[in-house]
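2 protein chains.
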Amino acid sequence: MQPAAAEDGYELWLRYRPLPADQRDRYAGATTQLVMPTPSPTLVAAKDELLRGLNGLLSQQPAAVESVSAPALVIGTPQSNAQIAQFDLGLKGLAAQGYVIRHRPINGQATVIIAANDDVGVLYGVFHFLRVLQTQQPLGNINITESSRIQLRMLNHWDNLDRTVERGYAGFSLWDWHKLPDYLDPRYTDYARANASIGINATVLTNVNANATMLTAPYLEKAAALANVFRPYGIRVFLTARFSAPVEIGGLKTADPADPGVQQWWKAKAAEVYKFIPDFGGFLVKANSEGQPGPQDYGRTHADGANMLADAVKPFGGTVIWRAFVYSHEQPDDRAKQAYDEFVPLDGKFRDNVLVQVKNGAIDFQPREPFHPLFGAMPKTPLAMEFQITKEYLGFATHLVYLGAFYEEVLRADTYRPRQGSTVAKILDGSVHNYARTAIAGVANIGTDRNWSGAQFEQANWYAFGRLAWNPMLSSKDLAEEWVRMTFSNDPQFVKPVVAMMMKSHEAVVDYMTPLGLHHLMGRGHHYGPGPWVEGGPRADWTSVYYHRADANGIGFDRTKTGSNAVAQYAPPVAAQFGDLKRVPEQFLLWFHHVPWDYRTKSGRILWDELVYRYTRGVDTVREMEGTWQGLAPFVDAERHHEVAAFLKIQEKEAKWWRDASIAYFQTFSKRPLPAGFAPPEHSLDYYKSLEFPYAPGHH
Amino acid sequence: MQPAAAEDGYELWLRYRPLPADQRDRYAGATTQLVMPTPSPTLVAAKDELLRGLNGLLSQQPAAVESVSAPALVIGTPQSNAQIAQFDLGLKGLAAQGYVIRHRPINGQATVIIAANDDVGVLYGVFHFLRVLQTQQPLGNINITESSRIQLRMLNHWDNLDRTVERGYAGFSLWDWHKLPDYLDPRYTDYARANASIGINATVLTNVNANATMLTAPYLEKAAALANVFRPYGIRVFLTARFSAPVEIGGLKTADPADPGVQQWWKAKAAEVYKFIPDFGGFLVKANSEGQPGPQDYGRTHADGANMLADAVKPFGGTVIWRAFVYSHEQPDDRAKQAYDEFVPLDGKFRDNVLVQVKNGAIDFQPREPFHPLFGAMPKTPLAMEFQITKEYLGFATHLVYLGAFYEEVLRADTYRPRQGSTVAKILDGSVHNYARTAIAGVANIGTDRNWSGAQFEQANWYAFGRLAWNPMLSSKDLAEEWVRMTFSNDPQFVKPVVAMMMKSHEAVVDYMTPLGLHHLMGRGHHYGPGPWVEGGPRADWTSVYYHRADANGIGFDRTKTGSNAVAQYAPPVAAQFGDLKRVPEQFLLWFHHVPWDYRTKSGRILWDELVYRYTRGVDTVREMEGTWQGLAPFVDAERHHEVAAFLKIQEKEAKWWRDASIAYFQTFSKRPLPAGFAPPEHSLDYYKSLEFPYAPGHH
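So the protein sequences, as listed, match chains A and B. Last residue of the first sequence: 811 (our numbering), numbering continuous. Last residue of the second sequence: 811 (our numbering), numbering continuous.
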C-alpha cells in the first residue's frame with residue numbers, strides 16, 4: 112500500500128528532491144559531463160551517490176566522457192584520473208580523507224574538479240558537492256579545501272546482541288545478528304552512506320557493557336559481513352572487548368593482564384579477528400566501571416590492561432580505546448574527581464596505539480556539564496572525546512534538543528593547559544600536545560525506527576556530531592542551518608525560525624531539568640523524568656541527593672576548597688574562576704557551590720526565585736517552540752510536521768512535569784513561596800514520587 | 112536519501128501500482144463517477160481507500176456525484192446512501208460486516224454497487240472491489256455476496272510491554288508504548304488497513320504470558336489510543352488478563368475466583384477498561400499453563416476462572432476467550448491428552464460469553480499435527496481455533512513456508528463428531544453445534560520490520576490466515592494466487608511457478624524437520640534449529656526424547672491402546688484409523704505409533720530409509736524453490752527478488768542442517784547405513800550438538 116506517511120524521515124539530510132527551476136538550470140548547465148573513472152568500490156559508491164543526487168536534485172544525468180568538451184565535473188584522485196593528475200590542486204597538504212573542490216578550465220570549458228589523495232576523500236568531496244547544491248550555494252568560483260584534524264570520527268553503538276540498545280530511544284539495534292552474515296539488510300548501506308556524508312569513518316558495533324560472545328567466531332563472521340558493507344564508505348569496524356573474555360569464552364582461569372596465557376589468548380584472538388576483518392579498527396573497552404571486569408580485579412592498572420590489548424592488535428595496525436569513565440563507590444571522594452585522579456598518574460604509561468576516551472564532563476552526559484578536567488591534563492596520552500548523541504538524560508527522543516550548541520560549548524571551552532587558548536577542541540585535534548592519534552566519539556542515537564533517530568530533529572544531532580568531529584571549529588548554528596536546508600527546506604521563512612528554535616532548545620532543557628548547574632536529578636535506572644528525591648539504594652553516587660545536597664540553608668555541591676575541591680583539577684585560572692562564587696559562570700553555580708536560598712543571583716532575584724524563574728522559562732520556551740512550529744506548517748510535508756508537533760506537545764507536558772516536580776520537591780527545603788505570578792505545581796510531591804515507568808525504553 | 116531498496120515490501124498486498132493500459136481503460140471506463148456519502152469515520156476510511164486504490168491502479172479519480180449520469184460506483188449502506196436503499200440487493204441474509212457487489216443499471220448507466228448493512232461491511236466491500244482490480248478479474252457481471260460465518264477473526268500479538276515479542280521474528284512490537292497515547296505512529300493506521308482488507312476484526316495487543324501492568328490506568332489509556340485508530344477499520348481491541356492481577360496491581364491477598372473481593376475487583380476493573388475503550392472486546396487468558404497463574408492455584412476449575420471474568424465483562428458486551436493450551440508436568444500422562452481431559456468435563460459449564468480457544472493440534476504448533484481432539488468434543492462450548500502465523504517451530508522468518516496449505520488441511524479435517532462431514536471448519540463456524548459465538552485466532556507474525564512479517568513471503572501467511580478466518584472453506588491455492596497477483600505480478604509466467612512453489616513449501620519443511628509424524632525435535636528454549644537429542648531439564652515433556660522415543664528397535668510415540676491411548680480422544684472412526692498401523696495416514700505414522708526401523712512403508716522403503724529419503728527430499732525441494740525463484744528475476748523488482756533469494760539460501764543451509772543433524776542423531780539408534788546415493792551428514796553429531804544460539808530472536 113502507499114504508506115499512510117509518505118515522508119517519514121528515512122532519507123535524512125540526503126534528501127535529493129528537485130530544486131527550484133532557476134537553481135536547477137544553473138547547476139545543470141555546469142554539470143553536463145562527467146569524467147570519473149571508478150577502479151575501486153569506493154569510487155563506484157561515490158559515482159552512484161553523485162548520479163543519485165544529480166538525478167534527484169536536477170533530473171540530470173551528466174554524460175560520461177573521457178575528455179571534457181562542455182561544462183563538466185572531473186572527479187577522482189591523481190592515481191585514478193589522469194585529468195586530475197595534471198593540475199596542482201593543493202592536495203599535498205591534506206590529511207587522509209581530505210579533499211578539494213576547485214574551479215578550473217579544461218579544454219576551454221568551465222570545470223568543477225573534486226579531488227583527493229585517497230578514494231574516501233573523493234567520496235567525501237562528492238557528498239560535499241551535493242551539499243552545496245542541496246543548500247543552494249553558488250558554484251561560480253567554488254574553492255573548497257577540507258582536511259580533518261581528527262583522525263577517528265566514531266559512532267559508539269551501545270547495542271546488545273539481543274538487539275536491545277542500552278539508552279536507545281529509536282527502536283532496536285540496526286544489526287540483525289540472527290540473519291547475519293547471510294542476509295545484508297539494504298539499510299546497512301544507507302547507514303554507511305549517511306555516515307560517510309558527514310565524515311564519520313569508524314563505528315563501534317557493540318555496547319561498552321560488553322558481551323564476550325561477540326568475540327566468538329560465529330559473531331566475528333557476522334561483524335565481518337557488516338565491515339564488508341561499510342568498507343567502500345570508508346568506515347572501519349571496532350568492537351568492544353569484555354576484559355574477562357579469556358575466562359568466559361577462552362576457558363582460562365584468569366584474565367590478569369600480567370598472565371602470559373592471557374596475553375597469548377588476546378594475541379591469538381586479535382589474529383583471529385583480523386582474519387575475519389583485515390582492516391579491523393580495534394577495541395573499545397570499559398573496564399572496572401559500573402560492574403564491568405577490568406585489570407584492577409587483578410591489582411593491575413588501567414595502563415596494564417590497555418597495553419596488553421594494544422600489544423595484541425599492534426601487529427595488525429589496531430587501536431585500543433580505553434574509557435576514562437571509571438568511578439568506584441568504595442571511594443568516599445566526589446565522583447566527579449575520580450577519573451582524573453585515576454588517569455593523570457598514568458600519563459605517559461600507555462602504548463602509542465592507545466587512546467583514552469573521556470566523556471565531555473566528569474559526571475555523565477548531564478544536560479549541561481563543565482568540560483572534563485582531564486582535557487589538557489594528559490599531555491603524553493592522546494585523549495578522545497566521548498559525546499552522547501542519544502538523549503539518555505535529556506528526555507529521550509521526543510524532546511527537541513539540538514545538541515550541536517552544547518557540543519560547541521564544550522569544544523570551545525578553554526582548558527588553559529598549558530596556556531590560554533588551549534581549547535578542548537585543540538586538545539582533541541592534537542595541536543596542543545602533538546598527539547599522534549586523535550579521535551572524537553559519539554554514542555549513537557540510531558535504531559530501527561524508520562526515521563533512524565526516533566525523531567526528525569534527533570537527526571540534527573547525528574549530523575552536527577559528525578560535522579563537528581570532522582571539524583571541531585565549525586559553528587553549530589551554521590550546521591543547524593545546513594541541516595535544516597538539506598532536510599526540510601531552503602526557504603528563509605522556514606530556515607530562520609527553525610534554526611532559532613534549535614539554537615535555544617538546549618538552554619530550554621537545561622532550564623526545565625537542571626538549571627544553574629544542578630545535575631543528576633533524573634528518575635532512577637531508566638533516567639526518564641524528574642527524580643530529585645532519589646536516595647538510598649546500593650550506592651550514594653547513584654542518588655540525586657548526593658548531587659544537589661539541598662538543605663534548609665541552600666542547595667548545590669561544594670566543589671571548592673571548603674568542599675570536595677574538585678575545582679583544583681582544573682588549570683589554576685579555570686579553578687580560580689569556578690571556585691569563586693562571584694566569578695563562576697552562573698550556569699555552573701550549583702555544580703561548584705553550595706549556595707544559600709536567599710543568595711542574590713545576577714538577575715537580582717534570590718536563588719530560590721531564580722530557580723523557579725528558570726524552571727518556568729524552560730517550559731515557556733518549549734511553548735514558544737510549539738507556536739513557532741505550528742506557524743511553519745506551509746513549509747513542510749504534513750507527515751513530518753505532524754510528528755514534530757506531536758513530540759513538541761509531549762515535550763511541553765514533560766517539561767512542565769520536570770518543573771512542577773522539581774519545584775514541589777525543592778520547596779520542602781527552601782520553605783519559601785513561589786515568586787508572584789508563578790503557578791504552583793499541578794500535583795502534590797507525593798504524586799510525582801508515585802509515578803513509575805517499568806518499561807521505559809533504553810533500560811534493560 | 113532515496114532508500115537503497117525502493118521496494119521493501121511495506122505496501123503488502125495493497126500495492127496499488129498502475130495496471131496494464133488495456134485493463135486500466137476497461138476499469139476506468141466503469142468507474143467514472145462515485146456516489147458515496149461518508150457520514151461516519153468508517154465510510155471516510157472506505158472512501159479514502161477507494162480513491163487511493165483507483166488513483167494508484169488506474170490513475171483515476173472518479174467524479175463525486177449525487178446522481179449517476181455515466182458509468183459509476185455507488186457505495187454505502189441503505190442508511191447512508193439513498194441510491195442503495197432503492198434496490199433489493201440481497202442484504203437481508205448477510206451476517207454482520209458482510210457485503211455485496213452487484214451490477215445494476217441506474218439512470219440507464221452501468222453501475223457497480225458496493226453495499227452492506229453496516230459501515231464496516233462497506234469498507235470490506237471496497238477492499239474486495241480493489242482486489243478484483245488488482246487481480247485483473249472481469250467487472251462485467253460482477254455479482255459477489257460475502258458473509259462470514261466466523262464472527263471474531265483475530266490476531267493474537269504475543270507482544271510484551273518492553274516491545275520484545277515472544278516468538279516474534281519480524282523485529283519488535285509495533286506498539287510504541289512509551290510514546291503512546293500522545294503519539295500515534297502512522298503505521299498503526301496501515302496495520303488497521305491491512306487487517307481490514309482481509310476481514311480481521313479483532314486484535315489482542317498483548318502476550319498471553321501476561322503482564323498485570325497492562326491493566327493499570329496509564330496503559331489502558333495507551334491501549335485506548337490504539338483502539339481509537341483501529342475503530343474506523345472495524346477492529347476491536349482485546350487484552351490479555353493476568354489472572355493474578357488482583358494481587359499484583361490490586362493489592363488483594365488472593366486471586367481466588369470464588370472470593371467476593373476478587374470478583375468485585377474484576378468487575379470494577381472491567382468497568383474501568385470500558386471507560387477507556389467503550390467497544391473493548393474482552394480478555395484473552397492463558398491460565399495454569401507453563402507457569403502462568405490461574406484458578407487451579409485456588410482449587411477452582413478453568414470454568415470457575417473464566418466465568419468470573421465473563422461476569423465482569425458481561426454488562427458491557429465483552430467476551431472472555433480462555434485458552435485450552437494447558438498441561439501439567441506433574442501429570443504423568445501423555446501431554447497430548449491433557450487439554451482434552453481437562454476441558455471436556457467442563458463442557459456446558461461456561462458462561463455464554465466465553466469461548467475456549469484451542470490450538471490446531473494437541474502439542475504446540477508443530478510443522479504438522481493432526482487436528483486437536485477437542486474439536487467436536489465440546490458441543491455446548493463455543494470453540495475458537497488458534498493457529499500460529501509466526502513460525503516458532505518452522506525456522507523463523509527466513510524459511511519460505513506457506514501456511515495456508517496447512518491451515519486448509521486442518522480446517523478440512525473431519526472430526527466425525529457427531530457424524531462424517533463434521534469438519535473442523537464446520538465445528539468452528541458453529542454449524543455443527545449451533546455455537547452462538549465463533550472465532551478464529553492467529554498468533555501474529557508482525558513486527559517493526561519494514562516488510563511487517565520479517566520476510567516477503569511471510570506476508571502470505573498473514574493474508575491467508577485472514578482470508579480463511581473470513582471463510583474457512585476457501586482454497587489455500589486460490590489464496591496463494593490472489594496474494595501473488597496483488598503483491599508481485601499478474602503475469603502467469605510468474606504466478607504459476609510461484610504458487611506451485613508456495614504449495615509445496617509446507618511439505619518441504621515437514622520433510623526436512625519432522626517427517627512421518629515426528630514432532631517437537633527443535634533446539635531447547637529458542638526453538639531454532641534441530642535438537643532431537645534434547646533431554647533432561649526441568650520437565651520431560653520439554654525434551655525431544657519424550658516425543659520421538661527412538662531406541663534400538665524403532666521410533667515414534669505409541670498413542671494407541673498399547674501406549675498412551677491418545678487416539679481414544681478422537682471420534683471412533685478417526686480413532687480406528689489413526690490407531691491402526693496399516694490405516695494411519697503416513698504423515699502421522701510416528702505421531703501415533705512406535706514403528707520398527709525395518710517397517711515397510713508405502714513407498715516400499717523400510718522406515719529408516721524412508722526417513723532419510725524424506726529428510727533429503729525436503730532439502731531438495733528447497734533447492735528447487737531456489738532454482739525457480741532465480742528464474743523469476745525478470746518479473747520482480749531487484750530489491751524483493753534479492754531478499755527472497757538470500758532467505759532461500761539461508762533456508763537451504765538450515766534445511767540441510769536439520770537433515771544432517773537429524774540423520775546423524777537417529778542413526779545412533781537405527782545403526783543402519785544410509786541408503787545408496789544419499790550423502791552422509793556433513794559434520795559429526797557432536798558438532799551439531801555443540802551449536803549454541805543464546806540470542807536467537809523471539810526468546811526472552
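Even for Gly, the Cβ is constructed at its ideal location relative to N, Cα and C. It should be emphasised that the depicted structure is a prediction, and the values quoted were computed from it without experimental measurement.
Should Lys380(B) be labelled buried (16 or more other beta-carbon atoms within 10 Å of its own) or exposed?
Mapped onto the second sequence, residue 380(B) falls at position 269. Its Cβ being crowded by 16 or more others within 10 Å, Lys380(B) is buried.
Q | Contact set between the stretch 308-321 of chain A and chain B, restricted to residues whose Cβ is under 8 angstroms from the partner | A | Of all residues in the stretch 308-321 of chain A, none has a Cβ within less than 8 angstroms of some Cβ in chain B.
According to the neighbour-count rule (16 or more other Cβ atoms, all chains shown, within 10 Å of its Cβ), is Lys502(A) buried or exposed? In the first sequence, residue 502(A) corresponds to position 391, counting from 1. Buried, since its Cβ has 16 or more Cβ neighbours within 10 Å.
*Beta-carbon contacts of Tyr438(A) that lie in its chain and below 6 angstroms, excluding the five residues immediately before and after*: As a working note, residue 438(A) is residue 327 in the first sequence. So the list reads Arg446 and Gln449, once near-sequence residues are dropped.
Exercise. Specify whether the stretch 763-780 of chain A and the stretch 742-751 of chain A touch according to this definition: at least 3 beta carbon pairs, one from each stretch, less than 8 angstroms apart.
Key: No, because fewer than three Cβ pairs between the stretch 763-780 of chain A and the stretch 742-751 of chain A fall closer than 8 angstroms, the two stretches do not touch.
From Arg635(A) to His637(B), what distance separates their C-alpha atoms?
Translated into positions along the first sequence, residue 635(A) becomes position 524. Translated into positions along the second sequence, residue 637(B) becomes position 526. Each residue's Cα considered, the two are about 32 angstroms apart.
Next on the checklist: To be precise: take each residue of the stretch 280-305 of chain B, compare its Cβ to all Cβ atoms of chain A, and keep it if any distance is under 9 angstroms. Which residues remain?
Outcome noted: Hits within the stretch, in order: Tyr280, Gly282, Phe283, Asp287, Trp288, His289, Lys290, Asp293, Tyr294, Leu295, Asp296, Pro297, Arg298, Tyr299, Thr300, Asp301, Arg304 and Ala305.
### Message
Threshold first: 3 residues or longer. Then list the beta strand (DSSP E) segments lying entirely within the stretch 130-174 of chain A, N to C.
### Response
Complete beta strand (DSSP E) runs here, min 3: 144-146.
Residues of its chain near Gly393(B), where Cβ-Cβ distance is below 6 angstroms and the 5 sequence neighbours each way are ignored: For this step, residue 393(B) is matched to residue 282 along the second sequence. Cβ neighbours of Gly393(B) beyond the five flanking positions: Phe349, Val424, Gly429, Thr430 and Val431.
According to DSSP, simplified to helix, strand and coil, what is Asn267(B)? In the second sequence, residue 267(B) corresponds to position 156, counting from 1. The answer is strand: DSSP assigns Asn267(B) an E or B state.
Kindly indicate if chain B contains any beta-carbon less than 8 angstroms away from that of Asp273(A).
Here residue 273(A) refers to the residue found at position 162 of the first sequence. With a threshold of 8 angstroms between beta carbons, Asp273(A) makes contact with chain B.
task: Please determine, among Arg523(A), Glu737(A), Asp230(A) and Tyr409(A), the residue with the shortest C-alpha to C-alpha distance to Phe482(A).
output: Position 371 of the first sequence, counted from the first residue, corresponds to residue 482(A). Measuring from the Cα of Phe482(A), the nearest candidate turns out to be Arg523(A).
Check your understanding: According to the neighbour-count rule (16 or more other Cβ atoms, all chains shown, within 10 Å of its Cβ), is Ala435(A) buried or exposed?
Key -> Numbered from 1 along the first sequence, position 324 holds the residue referred to as residue 435(A). Buried, since its Cβ has 16 or more Cβ neighbours within 10 Å.
| request: Could you pull out every unbroken alpha helix (DSSP H) segment of at least 4 residues lying fully inside the stretch 208-256 of chain A, listed in chain order? | output: Within the stretch 208-256 of chain A, the complete alpha helix (DSSP H) segments at least 4 residues long are 230-245, listed from N- to C-terminus.
Q | Secondary structure of Phe804(A), DSSP reduced to three states | A | As a working mapping, residue 804(A) is identified with position 693 in the first sequence. In the three-state scheme derived from DSSP, where H, G and I count as helix and E and B as strand, Phe804(A) is classed as coil.
_Helix, strand or coil, according to DSSP, for Arg751(A) in the structure here?_
Locating residue 751(A) in the first sequence gives position 640, counting from the first residue. Residue state, collapsed to three classes: helix.
| said: According to DSSP, simplified to helix, strand and coil, what is Asp525(B)? | reply: The sequence position of residue 525(B) within the second sequence is 414, counting from 1. For Asp525(B), the secondary structure class from DSSP, reduced to helix, strand or coil, is strand.
Next on the checklist: Suppose the cutoff is 6 angstroms on Cβ atoms and the five residues either side in sequence are ignored; what does the same chain contact list for Asn218(A) look like?
Outcome noted: If you number the first sequence from 1, residue 218(A) lands on position 107. Within the same chain, Asn218(A) has close Cβ partners Val179.
Going by other Cβ atoms of all chains shown within 10 Å of its Cβ, with 16 needed for buried, is Ala116(A) buried or exposed?
Here residue 116(A) corresponds to residue number 5 of the first sequence, with the count starting at 1. For Ala116(A), the pLDDT reaches just 47, beneath the cut-off of 50, and the residue's location in the model is therefore unreliable, although a value from the coordinates is still provided. Per the 10 Å Cβ criterion, buried.
message = Given this structure, state the Cα-to-Cα distance separating Met612(B) from Val733(B), to the nearest angstrom.
response = Stepping through the second sequence from its first residue, residue 612(B) is reached at position 501. Stepping through the second sequence from its first residue, residue 733(B) is reached at position 622. Met612(B) and Val733(B): Cα-Cα distance of roughly 9 angstroms.
C-alpha gap between Gln403(B) and Thr324(B), whole angstroms: For the purposes of this step, residue 403(B) is taken as residue 292 along the second sequence, with counting starting at 1. For the purposes of this step, residue 324(B) is taken as residue 213 along the second sequence, with counting starting at 1. Between Gln403(B) and Thr324(B), the C-alpha separation is close to 15 angstroms.
Subject >> Nearest-angstrom beta carbon gap, Trp581(B) and Ser259(B) [assumed within contact, 8 angstroms] >> reply: Sequence index remark: in the second sequence, residue 259(B) carries index 148 (1-based). Sequence index remark: in the second sequence, residue 581(B) carries index 470 (1-based). Contact annotation, Ser259(B) with Trp581(B): C-beta distance approximately 5 angstroms; criterion of less than 8 angstroms satisfied.
Q: Starting from Thr314(B), follow the beta strand (DSSP E) in both directions and report where the run begins and ends.
A: One-based indexing of the second sequence puts residue 314(B) at position 203. Counting along the chain, Thr314(B) sits inside the beta strand (DSSP E) bounded by residues Ala313 to Val315.
Whether or not the stretch 452-463 of chain B and the stretch 405-425 of chain B are in contact is what I'm after, with contact meaning three or more pairs of Cβ atoms, one per stretch, closer than 8 angstroms; do they touch?
Verdict: yes, contact present.
request  = In the DSSP assignment, find the unbroken alpha helix (DSSP H) run with Lys713(B) in it and report its ends.
outcome  = Residue numbering aside, residue 713(B) sits at position 602 when the second sequence is read from its first letter. Per DSSP, Lys713(B) belongs to no alpha helix (DSSP H) and is neither H nor E.
From Arg353(A), Pro484(A), Asp230(A) and Lys333(A), residue whose alpha carbon lies closest to that of Ser191(A): Along the first sequence, read from residue 1 onward, the residue named residue 191(A) stands at position 80. Nearest C-alpha to Ser191(A): Asp230(A).
- request: Could you name the residues of chain B that Pro808(A) contacts, counting a contact when the two beta carbons are closer than 7 angstroms?
  value: Working through the first sequence from its first residue, we reach residue 808(A) at position 697. In chain order, His289 make up the part of chain B whose C-beta sits under 7 angstroms from the C-beta of Pro808(A).
- [ ] Step through the CB atoms of chain B and report whether any lies within less than 8 angstroms of the CB of Pro805(A).
- [x] What you label residue 805(A) is simply residue 694 of the first sequence in a count that begins at 1. Closer than 8 angstroms to some Cβ of chain B, the Cβ of Pro805(A) qualifies, so yes.
Contact set between Glu750(A) and chain B, taken where Cβ atoms lie within less than 9 angstroms:
Position 639 of the first sequence, counted from the start, is the residue given in the question as residue 750(A). Residues of chain B passing the Cβ test: Pro297.
Report task. Tell me whether the beta-carbon of Tyr681(B) lies closer than 8 angstroms to the beta-carbon of Phe668(B). Result -> Position 570 of the second sequence, counting from 1, holds the residue named residue 681(B). Position 557 of the second sequence, counting from 1, holds the residue named residue 668(B). Cβ atoms of Tyr681(B) and Phe668(B): not closer than 8 angstroms.
### Query
Hey, quick one: how far does the alpha helix (DSSP H) through Ala496(A) stretch, first residue to last?
Locating residue 496(A) in the first sequence gives position 385, counting from the first residue. Just to set this straight, residue 496(A) is Met in the shown sequence, not Ala. That residue, Met496(A), is in no alpha helix (DSSP H); its beta strand (DSSP E) goes Leu494 to Gln499.
Selection of the stretch 758-789 of chain B by Cβ proximity to chain A, strictly under 8 angstroms: Under the 8 angstroms Cβ criterion, the stretch 758-789 of chain B contributes Phe758, Lys760, Ile761 and Lys764.
Could you please tell me which residues of the stretch 244-266 of chain A, in chain order, have their CB closer than 8 angstroms to any CB of chain B?
-> Within the stretch 244-266 of chain A, no residue has a Cβ that lies closer than 8 angstroms to any Cβ of chain B.
Query raised in the report: Beta carbon of Leu627(A), beta carbon of Leu700(A): below 8 angstroms?
Result: Here residue 627(A) refers to the residue found at position 516 of the first sequence. Here residue 700(A) refers to the residue found at position 589 of the first sequence. Contact: yes.
Using only alpha-carbon positions, find the residue among Phe780(B), Leu722(B) and Gly674(B) that is nearest to Ala663(B). For this step, residue 663(B) is matched to residue 552 along the second sequence. Measuring from the Cα of Ala663(B), the nearest candidate turns out to be Phe780(B).
Nearest by alpha-carbon distance to Thr143(A): which of Pro152(A), Tyr121(A), Val185(A) and Pro150(A) is it? Numbered from 1 along the first sequence, position 32 holds the residue referred to as residue 143(A). It is Val185(A) whose Cα lies nearest to the Cα of Thr143(A).
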